[in-house]
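Chemist: Here it is, the structure in full.
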Amino acid sequence: MGAKQKIASGFARVFGAQPMLPKAAIVSVECDIVKGLHAFTIVGLPDKSVEEAKDRIAAAIKNTRRQGSGEQAGEEEDLESPKRSNKKIVLSLAPAELKKEGAVFDLPLALSFLLASEQVLFDPKGKLFAGELALDGGLRRILGALSITSAARDAGFTDVYIPEENVAEASLISGLRIHGVSSLEDLLGRLSGKSKGTTPKPMQRVRDEMYAAYDEIRGQESAKRGLIIAAAGAHNIALYGPPGTGKTLLARATVSILPDLSEEEMIEVTTIHSLSGTLQGSGIFRPPFRSPHHTSSYAALIGGGSSGIRPGEATLAHRGVLFADEFPEFHRDVINALREPLEDRVISIARAKGSVIFPANFMLIAALNPCPCGFWGTQRCRCMPHTVEKYRRKISGPVADRIDLWVSVGEMPPESLSTQKKSIAGETERAREDVARARARQRERFKNAKNMSTNADMGPKEIESLSMLTPKAEGTLVGAARAMKLSPRGYHRTIKLARTIADLAGSDTIEPSHMLEALQYRAREL
7 MGAKQKIASG FARVFGAQPM LPKAAIVSVE CDIVKGLHAF TIVGLPDKSV EEAKDRIAAA
67 IKNTRRQGSG EQAGEEEDLE SPKRSNKKIV LSLAPAELKK EGAVFDLPLA LSFLLASEQV
127 LFDPKGKLFA GELALDGGLR RILGALSITS AARDAGFTDV YIPEENVAEA SLISGLRIHG
187 VSSLEDLLGR LSGKSKGTTP KPMQRVRDEM YAAYDEIRGQ ESAKRGLIIA AAGAHNIALY
247 GPPGTGKTLL ARATVSILPD LSEEEMIEVT TIHSLSGTLQ GSGIFRPPFR SPHHTSSYAA
307 LIGGGSSGIR PGEATLAHRG VLFADEFPEF HRDVINALRE PLEDRVISIA RAKGSVIFPA
367 NFMLIAALNP CPCGFWGTQR CRCMPHTVEK YRRKISGPVA DRIDLWVSVG EMPPESLSTQ
427 KKSIAGETER AREDVARARA RQRERFKNAK NMSTNADMGP KEIESLSMLT PKAEGTLVGA
487 ARAMKLSPRG YHRTIKLART IADLAGSDTI EPSHMLEALQ YRAREL
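Under my numbering, read the sequence shown as residues 7 to 532, first letter to last.
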């Protein structure tokens, strides 16, 4: 063992990142060591977990040994802990106005100190570090590794050093070298050139087969048609009818006919789930399906929280499906909070500590009964009229107006459910192909439009220039809008829905038949 060294005075800078959406923020981690009474301070708006890094760093460095340099080959030398030095040590995280949260800064803080104290020597240029230190110097998995790697590439970094457990996830980003390290000792060995890492293996693509397929559902052809239209254009849809008629099964089966995510969408969605801690060892290549319970709070659905602003279920459903079963049973404030994402495809959350904008471009599938007992209009219903009215009022007019399709899911005759009656083979595959063709037409239509890929994304300008209504179809809509008292929003949403129906039919123009089918799905008395 080499003799203990005195900590030198000096300055060093390395780089880390604060995980956040849509992309991490690069953070400069600086260390300055000067003569004076002992002090070990972290500045730059750190939260409690970053403040606690002082103890983790001190223990990790104390328990880590490095290969001696300039000594006999293989000789080891103790690293000196910052808490055992008689120096004033200041660690700064910049920019100072950005709130620094989480243990992700443990590794860059430790390296900055070791560089400034001249206990290790390496060139930090082009390198970014992220990781939580265990007391023995090991590295633990972090949240948001994909967000960090993406930001590092865009900022021009060439090498990213992260915990081994995050390597597969981070390797989804190309254009830079990903280094998975197991401990502080392992990292110091690599930076000194005395050891080499292994080539990271990319995440495996796992096909999601956990949801039902249309082939498994007998009957309900009109509901299936409505869901195919909704899937083709990413439209919001409500399924209403008595309990036990298959609303939940139909909603879950819809995921099976949606197209795979594009590479850009896959990175975007996987980044969200990585930061939220819901990533399960595989990149998300299929549209996510989120089904929050009707007792979910505002923060659980929309995002927020007391310890930090976190994305909610609406953001976790980004580029996929948000299924709200028993929709009227959700708290009224929670239902009304969906207005913004249903219209603008984003969620804005403002807090005293700051504000964030989360992506929330999802397709809403709402399932509901016509009354509290579910049997409205039949002799089995025992609900009083005022009870039914109160139940339905929980879905406000503005929310109902943002739902493009209202589809009745009625009771099935027993003979249609017979086990002797075979389901239609290949129904799921045909529906998936129809949806894929319609989506391909939309991609071509919006190839020059920013942040627009489906008919549901169209604004008034695109509706006017790209929808291609025939005069007869427009006349049909104008007459129906007057009779049905459609709002301007309802008018435009009907055009977007008709455009999707025309895409499914392979038509370049919206014909009267497409418009009539779209109109029959508008909200009505349940």
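Think of the CB as a built atom: it goes at the ideal place given N, C-alpha and C, for glycine as much as any other residue.
#1: Whose CA, out of ALA158, LEU190 and GLY195, lies closest to the CA of ARG183?
#2: Thinking C-beta only, is ASP407 closer than 9 Å to GLY485?
#3: How long is the line joining the alpha carbons of ALA151 and GLY108, rounded to whole angstroms?
#4: Determine whether the Cβ of SER280 lies closer than 9 Å to any Cβ atom of chain D.
#5: Taking the alpha-carbon of ALA116 as reference, which of LYS202, VAL352, PHE21 and GLY225 has the nearest alpha-carbon?
#6: Use the C-beta contact count for VAL40: other C-beta atoms within 10 angstroms, 16 or more gives buried, fewer gives exposed.
#7: Specify whether the region 508-524 and the region 463-475 touch according to this definition: at least 3 beta carbon pairs, one from each stretch, less than 8 Å apart.
#8: Is VAL340 helix, strand or coil when you go by DSSP?
#9: What is the DSSP secondary structure of GLU517, counted as helix, strand or coil?
#10: For ALA79, name the three-state secondary structure that DSSP assigns.
#11: ALA30: which of GLY432, PHE135, SER153 and VAL110 sits nearest, CA to CA?
#12: In chain order, which continuous runs of the alpha helix (DSSP H) of length 4 or greater are located wholly inside the region 435-486?
#13: Any contact between the region 394-414 and the region 326-342? By contact I mean 3 or more CB pairs, one from each, below 8 Å.
#14: Return the CA-CA distance between ILE282 and PHE364, expressed in angstroms with no decimal places.
#15: By alpha-carbon positions, which one of GLN226, TYR246 and LEU113 ends up nearest to ASP192?
#16: Since ALA31 is in the alpha helix (DSSP H), which residue starts that stretch and which ends it?
#17: Please report the Cβ distance between ILE507 and ILE235, rounded to the nearest whole angstrom; I am assuming they are in contact, meaning their Cβ atoms lie under 8 Å.
#18: Out of curiosity, what's the CA-to-CA distance linking ALA520 and ILE469?
#19: Is HIS185 helix, strand or coil by DSSP?
#20: With 16 as the cutoff for other CB atoms within 10 Å, does GLU349 come out buried or exposed?
#21: Going by DSSP, what residue range makes up the beta strand (DSSP E) through ASP165?
#22: Assuming GLY186 contacts ILE168 under a Cβ cut-off of 8 Å, what Cβ separation, rounded to an integer in Å, is found between them?
#23: How many angstroms separate the CA atom of PRO376 from the CA atom of VAL415?
#24: If I'm right that SER98 touches GLU36 with Cβ under 8 Å, what's the distance once you round it to whole angstroms?
#25: Spell out the partners DSSP gives MET390 in its beta bridges.
#26: Measuring CA to CA, which of LYS54, ASP129 and LEU43 is closest to ILE95?
#27: Does the count of Cβ pairs from the region 255-264 and the region 227-242 closer than 8 Å reach three?
#28: So what does DSSP say about GLY8, is it helix, strand or coil?
#29: Note down the Cα distance separating GLY16 from LEU121, rounded to an integer number of angstroms.
#30: From LEU411 to GLU175, what distance separates their C-alpha atoms?
#31: Do the region 271-282 and the region 431-450 meet, that is, are 3 or more Cβ pairs less than 8 Å apart?
#32: Which of the three DSSP states is assigned to ARG408 in this structure?
#33: By Cβ distance below 8 Å, which residues in the same chain neighbour MET418 in space, the five residues on each side in sequence not counted?
#34: I think LEU366 touches HIS299, with their Cβ atoms under 8 Å apart; what is that distance to the nearest whole Å?
#35: From this set, ARG19, GLY311, ASP221 and SER118, which residue's C-alpha is nearest LEU190's C-alpha?
#36: Tell me, to the nearest whole angstrom, how far the beta carbon of VAL340 is from that of SER302; I am working on the premise that it is less than 8 Å.
Modeler: Quick answer:
#1: ALA158
#2: no
#3: 12 Å
#4: This model lacks chain D altogether; it includes just one protein chain.
#5: Of LYS202, VAL352, PHE21 and GLY225, the residue nearest in Cα terms is PHE21.
#6: exposed
#7: The region 508-524 is in contact with the region 463-475.
#8: helix
#9: coil
#10: Because the pLDDT of ALA79 is 40, which lies under 50, any placement of that residue in the model is unreliable, and the question is left without a value.
#11: Taking only the C-alpha atoms, the option nearest ALA30 is SER153.
#12: 466-472
#13: yes
#14: Per the sequence presented here, residue 282 reads as Ser, with Ile not at that position. Rounded to the nearest angstrom, the two C-alpha atoms are 12 Å apart.
#15: LEU113
#16: ALA31 -> not in any alpha helix (DSSP H); beta strand (DSSP E) instead, spanning 31-41.
#17: 6 Å
#18: Looking at the sequence provided, one finds His at residue 520 rather than Ala. Those two C-alpha atoms are separated by around 15 Å.
#19: For HIS185, the secondary structure class from DSSP, reduced to helix, strand or coil, is strand.
#20: exposed
#21: In the DSSP assignment, ASP165 falls within the beta strand (DSSP E) that extends over 165-169.
#22: 6 Å
#23: 11 Å
#24: 4 Å
#25: Paired residue(s): none; MET390 is not in a bridge.
#26: LEU43
#27: These segments touch.
#28: Here the model assigns GLY8 a pLDDT of 41, short of 50, so the residue's position is not dependable and the matter cannot be decided.
#29: Inter-residue distance for GLY16 and LEU121 is about 8 Å (C-alpha atoms, whole angstroms).
#30: 37 Å
#31: no
#32: coil
#33: ARG224, GLY225, GLN226, THR251 and GLY252
#34: The sequence shown places Ala at residue 366, not Leu. Not quite, the Cβ-Cβ distance comes to about 19 Å (not below 8 Å), so this is no contact.
#35: SER118
#36: Indeed they touch by this definition, with Cβ atoms about 7 Å apart.
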